[in-house]
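Colleague: In the working numbering, the protein residues as written are 14 to 107.
Heads up, the beta-carbon is just placed ideally off N, CA and C, and yes, glycines get one too.
If you're wondering where the values come from, they're calculated on a predicted model, not measured in any experiment.
#1: Check residue 77 in the structure and name its three-state DSSP category.
#2: Is it right to say residue 41 is buried, meaning 16 or more other beta carbons lie within 10 angstroms of its own, or is it exposed?
#3: For the ligand MN, is there a heavy atom less than 8 Å away from the beta-carbon of residue 64?
#4: Do residue 76 and residue 18 have their C-beta atoms closer together than 9 Å?
#5: Could you pull out every residue in the same chain whose Cβ sits closer than 8 Å to the Cβ of residue 105, ignoring the five residues on either side in sequence?
Printed below as a string of structure tokens:
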């Protein structure tokens, strides 16, 4: 069964700190997961990379078997705090 979402070998450094170190995971359709960890361990970084808001230094993101790394438009998520982008209109911010 093909993975709906797959990340392979993600590496990301933020402010000189290795945040993601060879992270790989796969999710099947209708599978529910929870991402847990202490503050600063890379949870938000992972979600930003999956959503295409941030690029990994190494590794790829696949959706339905197609490379989605760095692309926006197929994944949405709500952050903890409200975030409106001043460069976008109301509809684009939703």
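Modeller: Put simply:
#1: coil
#2: exposed
#3: Looking at this structure, you won't find the ligand MN or any other ligand, since it has none at all.
#4: yes
#5: 98
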